[in-house]
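A.B. asks: Residue numbers (this note's numbering), protein chains in the order written: chain A, 1 to 403; chain B, 404 to 923; chain C, 924 to 1220.
Just so you know, even glycine gets a beta-carbon here, dropped at the ideal spot from N, CA and C.
Here the structure is a predicted model, which is why all the values come from computation and not from measurement.
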Amino acid sequence: MSDLLRRLGGVALLVVALALPLVLDDFWLQTGLFVMAAAIGAVGLTLLVGVAGQLSLGHAAFAAIGAYVYAWSTGETTTSVTGGGLPPVLGLALAALVAAGVGAAFSPVAGRLRGIYLGLATLGLVFVVRHLLLNLTDWTGGFTGRSVESFALGGFSFSNRDPDYLAVGGVEFEGLHRLWYLFLLLAVVACWLAGNLRASRTGRAWANVRDSETAAAAMGIGVARAKAAAFVVSSAYAGTAGAMLALAYGRVAPDVFSLTASVDFLVMIVLGGLGSVAGAVVGALFVTALPLVLAEYSSALPFLAAPGSGGLDPSTASRIVYGLAIIAVLVLLRGGLAGAGRRLRHRLGGGGPSGDAGTTDPDTPGPGPTGRTAPASGTTDPSTPDGSHPAAVTHPRSKETTR
Amino acid sequence: MAEPLLSVEHLDVSYDGAVQALRDVSLEVAAGSVVAVLGSNGAGKTSLLRAVSRALGSYGGAVTGGTIRYQGVDLAGLDTSTVVRRGLVQVPEGRRVFRDLTVEENLRAGGFTVRDAKARDEARDRVFDLFPVLAERRTQLGGLLSGGQQQMLAMGRALMTSPQLLLLDEPSLGLAPLLVDQIGEIVTTINAQGTAVLLIEQNAVMGLRVADRAYVLEVGHVTAAGSADELAASDDVRQRYLGAAAPERPAAVVVTEPGIPTAEAPKRLAVEGLTVRFGGIAALSEVSFAVEPGTVHALIGPNGAGKSTCINVLGGAYRATEGRVTYGEDELTALPSHRTAGLGVARTFQNISLALEDTVEDNLLVGRHRLMRSGVLASALRTPGARREERAHRSTVRDIADLLGLGPLLHVPVHSLSYGNRKRVEMGRALAARPSLLLLDEPVAGMTHGESQEMAETIRQVRRDLGLSVLLVEHDMPFVMGLAEQVTVLDFGKKIAEGTPAEVQRDPEVLRAYLGASAA
Amino acid sequence: MSYFLTQVLNGLSYGLVLSLIAAGFAIVFTSTGVLNFAHGSIVLLGAYLVAVLHPTIGFWPAMLVALFGAALVGVLINALLVRNLADPEPGAAAILMLGVDIVLLTELTRRIGNQVLPVGAPWGASVVRFGDIALPTGRVVAAGVTVVAFAALWYLFSRTDLGVGMRAAAADGPTASLMGIRLSRTAATGWALAGVLAAVAGVFLTSFPSPGVAPTIALSAFAAIPAWVLGGFDSVPGAVVGGLLIGLTSALVTGYEGDLEHVLGAGFGEVAPYVVMIVVLLVRPSGLMGSKEAVRV
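#1: Does Ala920 (chain B) get closer than 8 Å to chain C when you measure Cβ to Cβ?
#2: Check whether chain C comes within 8 Å of Ser377 (chain A), counting only Cβ atoms and requiring the distance to be less than that.
#3: Helix, strand or coil for Glu573 (chain B), going by three-state DSSP, please let me know.
#4: Can you list, in chain order, the residues of its chain with a C-beta nearer than 6 Å to that of Gln553 (chain B)? Leave out the 5 residues immediately preceding and following it.
#5: Can you tell me whether DSSP reads Glu689 (chain B) as helix, strand or coil?
#6: Rounded to the nearest angstrom, what separates Leu757 (chain B) and Leu1175 (chain C) at their Cα positions?
#7: For Asn135 (chain A), go through chain C and note every residue whose CB falls closer than 7 Å to its CB, in chain order.
#8: Between which residues of its own chain and Ala433 (chain B) is the CB-CB distance below 6 Å, once the five residues before and five after are set aside?
#9: Is DSSP giving Thr598 (chain B) helix, strand or coil here?
#10: Under a CB-based cut-off of 8 Å, is Gly1014 (chain C) close to chain A?
#11: Between C:Asp1024, C:Ile965 and C:Gly1043, which lies nearest to Ser1222 (chain C) when the distance is taken from Cα to Cα?
#12: Name the residue from C:Ala974, C:Asn1001, C:Val931 and C:Gly956 whose alpha carbon lies nearest to the alpha carbon of Gly1236 (chain C).
#13: For the stretch 743–773 of chain B, list the beta strand (DSSP E) runs that are entirely contained and at least 3 residues long, ordered along the chain.
#14: Rounded to the nearest angstrom, how far is the Cβ of Val102 (chain A) from that of Phe62 (chain A), given a contact under 8 Å?
#15: Would you verify that the beta carbon of Gly1181 (chain C) is, or is not, closer than 8 Å to some beta carbon of chain A?
#16: When DSSP labels each residue in this structure, what does Gln543 (chain B) get in the three-state scheme?
#17: Quick one: grab the DSSP three-state call for Leu57 (chain A).
#18: For Phe127 (chain A), would you say it is in contact with chain C, using Cβ-to-Cβ distances shorter than 8 Å as the test?
#19: Establish whether the CB of His741 (chain B) and some CB of chain A are separated by less than 8 Å.
#20: Please classify Glu660 (chain B) as buried or exposed, where buried requires at least 16 other C-beta atoms within 10 Å of its C-beta.
#21: Could you check how far apart the C-beta atoms of Val1087 (chain C) and Glu525 (chain B) are, in whole angstroms? I think they sit under 8 Å.
#22: Looking at chain A, is there any beta carbon in it that lies within less than 8 Å of the beta carbon of Ala720 (chain B)?
#23: For the candidate residues A:Ala340, A:Val329 and A:Arg198, whose alpha-carbon lies nearest to that of Met1020 (chain C)?
#24: Answer yes or no: does any C-beta atom of chain C fall closer than 8 Å to that of Glu660 (chain B)?
#25: According to DSSP, is Lys670 (chain B) helix, strand or coil?
#26: Would the beta-carbon of Thr698 (chain B) fall within 8 Å of that of Ser839 (chain B)?
#27: Given this structure, state the Cα-to-Cα distance separating Leu18 (chain A) from Tyr181 (chain A), to the nearest angstrom.
#28: Of all Cβ atoms in chain A, is any one closer than 8 Å to the Cβ of Met775 (chain B)?
#29: Is the beta carbon of Asn766 (chain B) less than 8 Å from the beta carbon of Arg827 (chain B)?
#30: Going by DSSP, name the residue or residues bridged to Ile603 (chain B).
#31: Quick check on the burial criterion: 16 or more other C-beta atoms within 10 angstroms. Buried or exposed for Tyr473 (chain B)?
#32: Starting from the Cα of Leu247 (chain A), find the closest Cα among A:Phe158, A:Leu14 and A:His131 and give me that residue.
#33: Using CA coordinates, which residue listed in A:Leu274, A:Gly336, A:Leu8 and A:Val23 is at the minimum distance from Gly169 (chain A)?
#34: Kindly indicate the opening and closing residues of the beta strand (DSSP E) around Met1053 (chain C).
#35: Is it right to say Glu734 (chain B) is buried, meaning 16 or more other beta carbons lie within 10 angstroms of its own, or is it exposed?
#36: By how many angstroms is the C-alpha of His852 (chain B) removed from the C-alpha of Ser688 (chain B)?
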C-alpha cells in the first residue's frame, strides 16, 4: 500500500519536473540546475555517511576533481591553460571515473579509519586539493579558475546554440532548458542506482560495517574493502556532481569547492535524514535554493538591507537562516526530514508489521557497537521497513562488540 | 510496625511512552534487610532499579504511575544525585568500572558526593578492609582488573558514600560459580554492617541464599513474593529458576527436510600452542585442543580464563601472538578475519550484534553474504543475475527462519523482538552462512533456566539436521554438561583439564578452580 | 642559524597557542562526545569581545569579560542545543556545531565588517631579544600563560574531585551519574573550560605580529584540529604535543617557503598541518597519545 503510494508520488514528481522548464524563468532554471547537481553529490554522500557510517568532510574535494577533470578534458588549449579537447560525454564519464580513482587512491586511509576519524582525515583532503588547484595553474587556471565548455551530444549542444532555435509548446528551449533535462536524467539515474545499492548485498554489507566491524568481518565481509568501496562510490557521485556544477556555472574556480561546500553536502544529508536517498534530494533542494532565493527576492523582503549598507544583507541573512535551520532540524526532528515524513506517513497510513511486542524488552542492553543505550533497542519505532538509520556515525570511543 | 526504608507502590514504568516495562509493581525493603528480585531477562528488573535510583530518564523511560518512597519521602521529582546524597546508591549491571581510571580514582569518583574528607577516608578504609585486593591494586587501571575484581570495585565504589540502601543489579552475571559464592558472602557482610540491600538476580540460587525476602518479577509484574525460604520451597520457582526438575527432553521436534543446502562436511579444528597477549598481559598461554568433526565441544572456565579471547581468535576478531589454529588444511591464524567465514566458520556474539532497525529477514541475509556474488556494479544496476540471486537467497533464508521457529517474525524489525528471539536470529544469521563449524559465544547468557533449555534443544537440532561441529563458550554448567561431548577447561589463560563432561566434573583441579568448594 | 632558531621559537610559541585551542577540542570531546566545529567561532568571539571592550574598560577587565563570555556561550550551546538533540549521537552533534558555527561566524563577521580591530594588548608590538634572536613579547607571554594553564589543567584532572568526576563522566556517563555526579555540571564545566582556553588563545592569535581581530581568525583556529587529532582526540597532554608539532611544522615550512616553493607550491605552510595529520592518522589511527583501551577479556 505505502509502496504503491511512494511509487505514484515518485511518478507525479517526475512529471512535474519534466514540465517545469515550460513555466520557469531563467533564475529558477539556474537554481534547479544547482539543486540537481547538489542532489547527486548529496545522494553519494548519504551512501557513505548514512549507510556505511563513515563521516566525510572531503566531499567538496572530489566534486572539485570532477569539475576540473571535466573542464580540462573537454577544454581547448589556450595561452593560459591546457586542455584535452575530448567530447563532453567522455569528459563527464572521466569526471566520475577520475574522482572514483582518487577515492580509491585514498582507500588505504578510508579503509583503516572510521567514523569521525575518517571525517577529520578527509578534512585534510579539502585543503590539499585546494592547494593543488591553486598551484597547478597550467591545468586549473589557478585562483581565477578556467571556463568550461558546454555539454554536447552528437551535434546537439546544451547551450544557446546548435540548434540556435528550439521550442517546445511555444517556449524557447535555450541552454538552461536543455541542461535541465540532462541533469534530470542524471539525477534520476543516480537516485535509482543508490536505491538499488542500499537494498542489495552491497548495501547490507555497508550497513553491517557501520553497525559493527567485528560482526561484519565474522560474516565474511571484508571491512576495509567495504569501506573503501563506499568511499569510491561516493567519490564517483561527487565527481559527477562537480562536473554538473561546472556546467551549471560555466566556469570553475577553487572557491566553489571550499570546506564550506563539504559542510553544505553534509548538512543536506543530515537535514534530509541520514541514509535516505529522498531525504538527500530534499536536503539539497533546501540548502542550495535558500540563499539563491533570498538573494533574488531580497528587495521584496522588508527586513533585508541592500548589500554593503551595513544592515542585514541577503547573503548574511541566508547564512543565518541556514545555520538556524540546521540547528532547528537537529533539535526538533528525529531522523531529519525523511524521519519526520515516515512518521507522518505511518500516522496517516496505519501500522506497519508489529513484533512480539508483548515481550518487548527494554532491559536488554543494546548491541553496543554504536554506543547506543538500551532504550534504542526497546523503542517501538513504527517506521522501520524502509528505515534509515539514525545512529550512523560511530562514536570513536565506543567499544567493539567482542569482549 | 516501623515504616520500611523503601516502599514501592503500584509502580508503572514505560519507555518512550510506548513500551510498558513495569505494571503495578509493589515491594518493600525493611531497614537492614536483604531483598532479592528474581526474574528472567526482560522481566523489568533493571527498570525497577532505575526507577528507584532515578536514572530512568537518561534511558528514555518514565514512571507513569504509582509512588516510590524512601525514608518516608516520595522520590518523585528528585534526581539521582539527590538520592545518592541521601544514602541510596545503585551498582549498575555489568560492573561498568571506569576502565581508564585507577582503582583509587574509581573510588574517588564513587565518593563524589561526600564532601567531608574524614568521612571519605574512613569509607575508603572500610572498602579496602572489605576488599583487600583492591588495596593491593589501588594504582592500577580499572580496566586491567579481572571480572570478579571489577565487581568488587563496582561495589566498593558504591560503598564510598556509606549508603543505607544499596541497589545491586545482577552482581553475579558472567562470573564463575566460585566468584558468585564470594560475591554472595560479601553481600551478607555488607548487610551485617547495617546496609540494606535490594538485589536483582537472575541466578536464583544466589539470590535466595543471601536474601531475607524475595519477589519474582515476570513480564513487568510481580508474580510471587515471600520470604526467601518460602520461595525456595515453591515448586514453581524451583522449576523455573532453580532448574531443580530433571531436565526433561522435550519431545523431538519433527522437522520437515529444510531447504537449506547442507554444508560441506565439517573438518577437524586444531588449536596448537595458542598464546595471546594484550599489552604484556597474557590472556591465553600455550593452549592446545581439538574439535573433532561433527561434535559439540565446550570451552569453560572462570571469568577471565581466556575463553572469549580464544573464541575471538578462532573467529578472526583477535590476532594470535603465538601458535596456530588450523581448520582442516587451512590455517585460520594466517588469514585476515573476513576470510574465516569463507572456510565455513560462523559465529555468534556474546552481546547480540544485529541491525536493530532491519527486519529478521534482512539480518539473516547478511549471513548469506559470503555465498552471494553480486558486486557493487551488479547491485547498483539490479542486473537480472543479481535479482535472481537475491530471490534465491531470500527463499533459503526463509527456510532457515522456519527451522529456528522464526518464520512468522520474518518481516518484523529486530528491535521489537524478545531477547530470546534475538539470540535465535543471531544464530540464524550464523547458520545462513552455511557453516560447517559454528562458534557460539555464551549462547544462553542472560537466559532463564527454561529459555536455556530451549536453546540447548535448538542447538542439538541444528547439529543433527545440518551435521556441523559446534564450539561453545558458556558459564551455565548444567547447560554445558547436558549438551557437550567434549569439554576443555581454561583457568588463567591455561588449559587445566579436558575430557567428557563426566570426567571434567570429577577432575579435582577443575573443582578447585571453577566450581568452588560448595560443589566439591 | 639564528634565522632557523627564530623560526623554531616562533613555531613553538605559536604551537603553544594552538595547543590551547586543541585542548579545548579535546575537553569538549571527552566531556560530551561532541566534535566542536564552533570552537573557531568561540576563539573569534573571545578576541572580538576584548577588541570591542578594551577602549572603554581597559585591556584586563575586557579580558575577564571575554573569558566569562566565551565560557558562557559554550555552556549555553551545550545546555540549550547539544543536550536537546533529537538524535543524540556524535555525528548529529558535530553537524549541529557546524550550524552553530555558521550562525556565530556570520554574525561576528557582519559586526566586524571589513575592519581589523586591535585587541590593545599591553605588550603591544614590543619585541624580546635573546642574543640575535628576536621574539614578539606577545608570543613570550603566550608561552608563559599556556604553560601555567596546562599546569592548572593537570592539577584539576588528577588532583581534584571535580576533575576526577569529569573524567569518570567522560568515560561512562550513565554510571557516573549513579555515583551522584551530575552530568549536566561536568559537561558545563568542560564547555566553560574550553571557552576560557579559546578566549585566551583568541587574544594571543590576534595580538602582534597579527594585525588584529578579523573573521579569518576563526579559520586559523581550524589549524588546531590537526593538532588535536595528532595528539589523539581525548588527551590534553596530546594536545600540547600536537600543537607544538603543528606550530613547528607551519613555522618552518613558511619560514623556508622560498626554498620549498618550486617543489611544494606556494602557500604550502597552510596545508602542511593537514598533510602531517593524514600521514599520522595512517600510521597511528588513534593519534600519538590517544588512549588505547585497556584490554582485558
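C.D. replies: According to the data block:
#1: What you label residue 920 (chain B) is simply residue 517 of the second sequence in a count that begins at 1. With a pLDDT of 43 at Ala920 (chain B), under the threshold of 50, the modelled position of that residue is not reliable, and the figure given next carries that caveat. No, Ala920 (chain B) does not count as interfacial toward chain C.
#2: Taking the first sequence and counting its residues from 1, one reaches residue 377 (chain A) at position 377. Reliability fails at Ser377 (chain A), whose pLDDT of 34 lies under 50, so the model's placement of it is uncertain and no value is given.
#3: If you number the second sequence from 1, residue 573 (chain B) lands on position 170. In the structure shown, Glu573 (chain B) sits in coil (DSSP, three-state: anything other than H, G, I, E or B).
#4: Position 150 of the second sequence, counted from the first residue, corresponds to residue 553 (chain B). The residues are Arg498 and Val500.
#5: The residue you call residue 689 (chain B) lines up with position 286 of the second sequence. Glu689 (chain B) falls in the strand class under three-state DSSP.
#6: Reading the second sequence from its first residue, position 354 is the one you call residue 757 (chain B). Reading the third sequence from its first residue, position 252 is the one you call residue 1175 (chain C). Between Leu757 (chain B) and Leu1175 (chain C), the C-alpha separation is close to 50 Å.
#7: Translated into the one-based positions of the first sequence, residue 135 (chain A) becomes position 135. The contacting residues are Gly1188 and Ala1189.
#8: For the purposes of this step, residue 433 (chain B) is taken as the residue at position 30 of the second sequence. Same-chain partners within the cutoff: Pro407.
#9: By one-based count along the second sequence, residue 598 (chain B) stands at place 195. DSSP places Thr598 (chain B) in coil when its eight states are reduced to three.
#10: Stepping through the third sequence from its first residue, residue 1014 (chain C) is reached at position 91. It does; some Cβ of chain A falls within 8 Å.
#11: Nothing about residue 1222 (chain C) can be reported from this structure: the residues present for chain C run from 924 to 1220 only.
#12: With chain C covering 924 to 1220 only, the question about residue 1236 (chain C) has no answer from this structure.
#13: With a minimum length of 3 residues, the continuous beta strand (DSSP E) runs that stay inside the stretch 743–773 of chain B are 748–750.
#14: Here residue 102 (chain A) refers to the residue found at position 102 of the first sequence. Here residue 62 (chain A) refers to the residue found at position 62 of the first sequence. The beta carbons of Val102 (chain A) and Phe62 (chain A) sit about 7 Å from each other, so the pair counts as a contact at 8 Å.
#15: Here residue 1181 (chain C) corresponds to residue number 258 of the third sequence, with the count starting at 1. No, Gly1181 (chain C) lies away from the interface with chain A (no Cβ there is under 8 Å from its Cβ).
#16: Stepping through the second sequence from its first residue, residue 543 (chain B) is reached at position 140. Here DSSP, grouped into helix, strand and coil, assigns Gln543 (chain B) to coil.
#17: What you label residue 57 (chain A) is simply residue 57 of the first sequence in a count that begins at 1. Residue state, collapsed to three classes: coil.
#18: Numbered from its first residue, the first sequence carries residue 127 (chain A) at position 127. Output row for Phe127 (chain A): interface = yes.
#19: In the second sequence, residue 741 (chain B) corresponds to position 338, counting from 1. Taking Cβ atoms only, chain A reaches closer than 8 Å to His741 (chain B), which makes this a yes.
#20: Taking the second sequence and counting its residues from 1, the one referred to as residue 660 (chain B) is at position 257. Low local confidence applies: a pLDDT of 43 at Glu660 (chain B) is under 50, so the model's placement there is unreliable, and no value is given.
#21: In the third sequence, the residue the question calls residue 1087 (chain C) occupies position 164. In the second sequence, the residue the question calls residue 525 (chain B) occupies position 122. Not a contact, Cβ separation roughly 19 Å.
#22: The sequence position of residue 720 (chain B) within the second sequence is 317, counting from 1. Closer than 8 Å: yes.
#23: Taking the third sequence and counting its residues from 1, the one referred to as residue 1020 (chain C) is at position 97. Taking only the C-alpha atoms, the option nearest Met1020 (chain C) is A:Val329.
#24: Counted from its first residue, the second sequence places residue 660 (chain B) at position 257. Reliability fails at Glu660 (chain B), whose pLDDT of 43 lies under 50, so the model's placement of it is uncertain and the value that follows must be treated cautiously. No - not a single Cβ of chain C is within 8 Å of the one on Glu660 (chain B).
#25: To locate residue 670 (chain B), count along the second sequence from 1; it is residue 267. The three-state reading of DSSP puts Lys670 (chain B) in coil, since its state is none of H, G, I, E or B.
#26: Your numbering for residue 698 (chain B) matches position 295 in the second sequence. Your numbering for residue 839 (chain B) matches position 436 in the second sequence. Going by C-beta atoms, Thr698 (chain B) is not nearer than 8 Å to Ser839 (chain B).
#27: In the first sequence, the residue the question calls residue 18 (chain A) occupies position 18. In the first sequence, the residue the question calls residue 181 (chain A) occupies position 181. One C-alpha to the other measures close to 7 Å.
#28: Translated into the one-based positions of the second sequence, residue 775 (chain B) becomes position 372. Against chain A, the CB of Met775 (chain B) has a partner CB under 8 Å away; the residue lies at that interface.
#29: Sequence index remark: in the second sequence, residue 766 (chain B) carries index 363 (1-based). Sequence index remark: in the second sequence, residue 827 (chain B) carries index 424 (1-based). No. Outside cutoff.
#30: Position 200 of the second sequence, counting from 1, holds the residue named residue 603 (chain B). DSSP lists B:Val440 and B:Asp572 as partners of Ile603 (chain B).
#31: The residue labelled residue 473 (chain B) in the question sits at position 70 within the second sequence. Label assigned to Tyr473 (chain B): buried.
#32: On the first sequence, position 247 is the one that residue 247 (chain A) refers to. With respect to the C-alpha of Leu247 (chain A), the residue from A:Phe158, A:Leu14 and A:His131 having the closest C-alpha is A:Phe158.
#33: Position 169 of the first sequence, counted from the first residue, corresponds to residue 169 (chain A). Of the candidates A:Leu274, A:Gly336, A:Leu8 and A:Val23, the one whose C-alpha sits nearest the C-alpha of Gly169 (chain A) is A:Val23.
#34: Here residue 1053 (chain C) refers to the residue found at position 130 when the third sequence is read from its first residue. One detail in the question is off: residue 1053 (chain C) reads as Phe in this sequence, not Met. For Phe1053 (chain C), the enclosing beta strand (DSSP E) covers residues Val1050 to Phe1053.
#35: The residue given as residue 734 (chain B) occupies position 331 in the second sequence. Under this definition Glu734 (chain B) is an exposed residue.
#36: One-based indexing of the second sequence puts residue 688 (chain B) at position 285. One-based indexing of the second sequence puts residue 852 (chain B) at position 449. When rounded, the distance between both Cα atoms is 33 Å.
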